[in-house]
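Engineer:
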Amino acid sequence: MMIEALTELLTIPQLVFAFAITVLAGFVKGATGFALPMIMVSGLASVLPPETAIAAMIVPTVLSNVWQSLRGGGIKAAVDVAGAFKLYIATLLVFIVIAAQLVAALPQNVVLLILGVPIVALALFLLKGRVMYVDPSKRGRMDVLVGAASGFLGGLAGIWGPLTVTYLTAIDTPKKEQIRITGVIFGAGAITLGLAHLRSGVLSAQTLPLSLLMIVPVMIGQSIGNKVQDRLDQKKFRRMTLFVLIIAGLNLIRRAVM
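According to my numbering, the sequence shown holds residues -1 to 256 in order.
1. Alpha carbon to alpha carbon, how far is R252 from L210? Give it in angstroms, no decimals.
2. Have a look at A146, D231, L193, R237 and flag the residue whose alpha-carbon is nearest the alpha-carbon of T89.
3. Pairs of beta-carbons, one from the region 116 to 126 and one from the region 62 to 79, closer than 8 Å: are there three or more?
4. At which residues does the alpha helix (DSSP H) containing A203 begin and terminate?
5. Cβ atoms of V200 and I19: under 8 Å apart, would you say?
6. Between the C-alpha atoms of V92 and L191, what's the straight-line distance to the nearest angstrom?
7. Looking at the structure shown, is V132 part of a helix, part of a strand, or coil, going by DSSP?
8. Determine, using beta-carbon pairs with one atom in the region 135 to 150 and one in the region 35 to 43, whether at least three such pairs fall under 8 Å.
9. Hey, would you say I189 sits closer than 8 Å to V60, going by beta carbons?
10. Within 10 angstroms of its Cβ, does R229 collect 16 or more other Cβ (buried), or is it exposed?
11. With a 10 Å radius around its C-beta and 16 neighbouring C-beta atoms as the bar for buried, classify Q232 as buried or exposed.
12. Going by CA-CA distance only, name the one from S135, G138, V182, P58 that's closest to L257.
13. Just to confirm my understanding: we take R236, look at its own chain, exclude 5 residues before and 5 after, and list those with CB closer than 7 Å. What are they?
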């Protein structure tokens, strides 16, 4: 039954292409801690309907983020790091809910442009060796401000990852801590997205088998990416993250313009 559902959605060449794109997405996720949905949806949507591409990434995204948040420390480490960023997480989720009600108020291309341009600009700024210093005594205020901005844009465009990673990179969050906190934040977002699309019908009996199948290439890619991440020191990890952020921001600008 699962095979029949898959053959109705994809041809064999399309399935091979989907596997290759998903392995790549898993690798980048394992190495940098983010960009899995962006790569999967952008790649798969070139050969599949956008709704099917979104459905395909939901289940593997949830599992990859659970793995990421627990890796190298278990549940206690994930809970500890979530506690350290509780203001950011709470503000982000509240503004996602608020902004989601305003989706019709702004054209999507405007939202994507508003999100993409600052990400590219800040990533280039940091890549040049500049430092964005946040006084530890004012970290709570910045968590709320950036969390609100990220949640607002996330609610409008469904994208809150790049701005979150940009902020964590800017305040020089240690590599392992950044990986855990992004896993917690993205995991919560992916679960919310999955529940929403169960209701919308995007994730259905027809598309769920594809999403389950994509777990395999994601885990293969993420395993390889994790090995790369383990060998990167803080400086190299930071630079690699900034390069991926620039690509992510340019992709958002491309979507806005096109």
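Yeah, the Cβ is synthetic: ideal placement off N, Cα and C, and Gly gets one too.
Structural biologist: Answer, in terms of the structure:
1. When rounded, the distance between both Cα atoms is 30 Å.
2. A146
3. no
4. Per DSSP, A203 lies in no alpha helix (DSSP H) segment and is marked neither H nor E.
5. No, the pair does not count as a contact, with Cβ atoms beyond the cut-off.
6. In this structure, the alpha-carbon of V92 lies about 15 Å from that of L191.
7. coil
8. no
9. Less than 8 Å divides the Cβ of I189 from the Cβ of V60.
10. exposed
11. exposed
12. Residue 257 is absent from the structure shown; the chain starts at -1 and stops at 256.
13. T167
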